[in-house]
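Chains as they are written, first to last, in the working numbering: chain A, 590 to 715; chain B, 476 to 830; chain C, 169 to 1042. Ideal Cβ placement from N, Cα and C applies to all residues, glycine included.
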């Protein structure tokens, strides 16, 4: 078990970090594709570069979320792996935030994968 | 508690879950089943999405039924569970059961189903928008009718309007069966939307943009099209007909439409010109060259008048010309009730000759 | 009379003209001994305390009742007003159903039908669905947090009056047959060009709603600060009632969702009033920009409506399952996750606009993904019901009905999230059916469940079980009969928003059935209304904590005391009433914090975000008419502008500013008579806090986040035009040049530096230098505002000719207006300093203004970078 000194302190900002990464990923994917296709001409030209970029960026974002996930899991285990976390002490609060971050990281990971799927199946601006 | 625990026995387990009260269930079930059957039997029609007259409509129909069956099963499971938990067995279960339920029911199962659906949808999208191998037809949504031009050349794009030219007609679109036709969609005034439910999904007609919709009718016949984006008072009565014919008939039709008007003189034509109808309407082959309203060169050949709302008969034409606002509220064309009846009748008779 | 008595009550340093002391007659004697030093077990002591608390927290009497600002009064007004608007919109909905009952009907004319359906949607969404969340949260949140009031009661009252005025204005228009008539999302160019929509309808929609958006953002500020800073001591983040989590998420969503609509409204109204061509393709505009801005707001709005209602279920379900919720963290996941994902869905309202398939794909993906947290939400309730020992009751009946209906709406939502299916279903009755299933199952049924559940704490008596059951079955059956057939109408090709339809398309039967169902549904709701209105003075009071719930709002006593809680408890559990021994008794006997209002001031406790450690005693202002005046004048600004009465508009603007300044001057940052106060149990807390610890600073921060979002939406508009034009600026039009924009940026930086310096100097005690910095900063701000306008002015950009000059002007004007507000704030601080309300120790005003200037500098930088540098890049 880690000593509490080796733990990072969670707060509301760390809690929303994974979905914020999702939001960022989403906006970038949307903007890149929108700018590439905005003139709405040549709908059947392949947009390979755009799709490669989206793939690469997706991997970066997934990695970031995975790191957050890993950090939260490690610290949550260090705090005793509770899922209920309704005790009246700062550790329970910390554990609650860590566990919630784990869940949000999981959801954000899935959501980033979902967001990237269109780039896998759609090859042009049609 | 005011009520305490309620009826643990009774036929709750076998009741249709949408209605909680066990006592009412048989009646309601009979009612819903009868209603469902009645509705399903009436599913096909000239404006139904479940007619399968286009390749896309048919694929979406399949998708719809699959999703519907899935949805019913999921709903029955979910609501069944809630009835089980509240009425059939309101006693405690272990907390572990609860967490497992969240994990499997709330996370694992939805993720699998949603991923499958999403992938299927993503594969369908580019398929529906594949390149055309048939004619290109421009359709312009205008308050409150559809301008049609066969055989135009153009591409989609922004900050532009529909390509000019082509053989002009209105409120009726002929399409060759078994061929993917490209419809270029635009509008000079407000946002409209182009929808032929029996053949394919809809696409908007947006001022300043040219959209491209590719559709492939697979059954010959006559289908309804409607405007599906609210565009003003007469929005509800802004429609058109789609006539799906063999490719040969299609070619013949367009060739005929490209001809000038069949009759270019006579009392009806004179009344038409005297009352200023030519300010808005064109009749090719005469000096009438207005471009505000529908081209009337071959009005007599069309199935409907007033944008798909009235059968094309001389009586209806007289009625529409003399009281446009009464027939179609919000219409842009003024009523010509002050014109003597015989003149309107003459105009109508002449227009009906323009086959 | 009362003034003389109040004057007589002035003792030593106690100043009863403080806004936190209500201006009531017969003040009880004040207490000079701190709460830690009295014998709390002495009944005489408690009685004297209770007397003071009641006097302080009582609502004003007589006509002055309407000057109340306490959350109970304002919340009740808010809720009832929202319900009245809802009943009005319900009648409109029934008119729609009558018109569509049979084909080719002529009950309404096409134009009036369009007004009716537009107002039905508008009122339901903007005057009921969103405000009811704010209304219920204003009532419930402080109760659940054991707080005596929200941190900014006058802001709540201001929000309410804005809501009322805007709502009456919008609703009233239909009685003059000049209501908006283009659907609740008002797509241009239909709505922006006089030739298509003559009259005032569109303006009324727009200005009325802008005004209501102000109210929503005010509520968001209030609720975020309320849920983060006004929790009772000990209520750590992991202890918050789930409702609070939802309120926090939803208020945050409002902050990012409403501003894009405000930006859209600005562009819209500039086109409509002054012919600036934002949405006119002839002059480079694009109607699609409105659709983007509207739906960036519009889709999160669905969740802004849905989440707070689900939050009610999250409170009701554990009570009747007789156990804590299963999966507390899962609910937090669901609320936060949905809150985020809901911002990635907006284009699914635009699937048919011809956007590239890949773009649609992203939104389709997010629309499917959002079903995951929503599913988790539902399954948390199911799991709780399964694990608990369920007791059935009328609220639970409505909860079950809500689930049954909402799940159908959710499932059809998953269907329409697939673009290929949506291309068929979009803008048909299928979608009408879907959205009513979502909103009625996801919002109305939970709210009725909430009414039956919380009525005892609101009115002291219960609603009727028998009527509740009758109402439920009528509503449930009526709703399904009414709205289920709509899915079929849609699949059979019935577009939405048609005022009539022809016979013979298979639409006749489903429409008739829908109409019958709608009337049964409405009758069911009338039973609820009748139950609420039925006189029940002769009935016995409900017992306290009627449903044996575990959360703090149930501390409320059947005969209302006004004080919220007798003493502010220390929390050690998620369900304190269930888990903390002797809890109610300790609260009632004042054994916790703030058992007294020693100085006759309205007070509540502010705590820290993570662990709710007590930080401050916050004195909250009492009754005033000033908020009503401010809202009235602001309303007048919008109403006069609707009718283009420009001189009156300007006059009203001046009066509104005056009223707001008066309110802020008298009601905020009041210097207390002592620095600390004994709150009992040996704890002393400061009475005045400034900077990042203060609730006022938070409010400024949150407001500026919303403001910044609106600004970024305008910038988004600029770059949207860049992407659709091959050349932007278009050939032949010069940009605003470099000189004036850069000069403006330099002066903005100077003003920012001066604001910053004023804060530091004041804190360091150099009051005179600080005053000089404030004065100079204010002047610099005005100058910067003028410079930023000079850019487009000197290069002769004419906003009517093309969308490029129009967007440049709009950004410049935005920056200039903010500069003027920044100047006003600095001058305000100067005056506060001169009048002795702002001192080196008590410096909240300049702290908040310096914060404003950080945002201001960001705004100036982005504006200048956008308008001055992008022309160089293209």
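Judged by DSSP secondary structure, residue 210 of chain C falls outside any beta strand (DSSP E); it is assigned neither H nor E. Residues of the stretch 628–652 of chain A whose Cβ lies closer than 7 Å to any Cβ of chain B, in chain order: 628, 629, 630, 632 and 633. Residue 813 of chain B counts as exposed, since fewer than 16 other C-beta atoms from the protein chains shown sit within 10 angstroms of its C-beta.
If you compare the alpha carbons of C:984, C:1040 and C:972 with that of residue 453 of chain C, the shortest gap goes to C:972. For residue 743 of chain B, the closest C-alpha among the options B:686, B:700 and B:827 is that of B:827. Taking 9 Å as the cut-off, the Cβ atoms of residue 535 of chain C and residue 516 of chain C count as close. The Cβ-Cβ distance between residue 732 of chain B and residue 779 of chain B does not fall below 9 Å. Contact between residue 249 of chain C and residue 304 of chain C does not hold, since their C-beta atoms are separated by about 12 Å, which reaches or exceeds 8 Å. Put simply, the stretch 714–731 of chain B does not touch the stretch 800–815 of chain B. Fewer than three CB pairs are less than 8 Å apart.
What residue 715 of chain A touches in chain B, judged by beta-carbon distance under 8 Å, is 601, 604 and 605, going in chain order.
Annotated three-state conformation of residue 403 of chain C is coil, per DSSP.
Residues of the stretch 524–536 of chain C with a Cβ closer than 9 Å to any Cβ of chain A, in chain order: 524, 525, 526, 527, 528, 529, 530, 531, 532, 533, 534 and 536. Between the alpha carbons of residue 1022 of chain C and residue 1032 of chain C lies a distance of about 16 Å. The C-alpha of residue 530 of chain C is placed about 53 Å away from the C-alpha of residue 737 of chain B. A check of alpha carbon separations from residue 605 of chain B across B:587, B:649, B:654 and B:579 identifies B:654 as the nearest.
Collapsing the DSSP output to three states places residue 340 of chain C in a helix. Scanning the stretch 477–527 of chain C from its first residue to its last, the whole alpha helix (DSSP H) runs of 4-plus residues come out as 496–509. Taking 9 Å as the CB threshold, residue 794 of chain B stays off the interface with chain C. Sixteen is the threshold: when 16 or more other Cβ atoms of the shown chains lie within 10 Å of the Cβ of residue 622 of chain B, as they do, the residue is buried. Assigned with DSSP and collapsed to three states, residue 650 of chain B falls in strand.
The residues 658, 661, 662 and 665, in chain order, have a CB closer than 8 Å to that of residue 691 of chain A in the same chain once the five nearest residues on each side in sequence are set aside. Closest option to residue 584 of chain C, judged by alpha-carbon separation, among C:599, C:605, C:882 and C:653: C:599.
Against residue 742 of chain C, the close residues of chain A are 675, in the order they occur along the chain (beta-carbon pairs closer than 9 Å). Excluding sequence positions up to five before and after residue 653 of chain C, its CB lies within less than 6 Å of the CB of 678, 681 and 682, all in the same chain and listed in chain order. Taking residue 716 of chain C as reference, the option from C:1015, C:414, C:698 and C:624 with the minimal CA-CA separation is C:624. Counting only Cβ-Cβ distances below 7 Å, residue 508 of chain C has contacts in chain A at 608, 611 and 612, in chain order. Within the stretch 804–866 of chain C, the complete alpha helix (DSSP H) segments at least 4 residues long are 814–835, listed from N- to C-terminus.
Restricting attention to C:607, C:412 and C:532, the CA atom closest to the CA of residue 590 of chain B is found in C:532. By the CB criterion at 9 Å, residue 1008 of chain C and residue 943 of chain C fall outside the cutoff. Between the stretch 301–317 of chain C and the stretch 766–777 of chain C, the count of C-beta pairs closer than 8 Å reaches three or more; the two stretches touch. When secondary structure is reduced to three states using DSSP, residue 231 of chain C falls in the helix class.
Short of 6 Å from the beta carbon of residue 710 of chain C, and not among the five residues preceding or following it, lie these beta carbons of its own chain, in chain order: 624, 629, 630 and 726.
With at least 16 other beta carbons inside 10 angstroms of its own, residue 930 of chain C counts as buried. Every unbroken stretch of the alpha helix (DSSP H) spanning 4 or more residues and falling wholly within the stretch 861–949 of chain C is given here in chain order: 863–892 and 907–932. Contacts with chain C at 9 Å (Cβ-Cβ) include residue 542 of chain B. With a threshold of 16 other beta carbon atoms within 10 Å, residue 815 of chain C falls short and is exposed.
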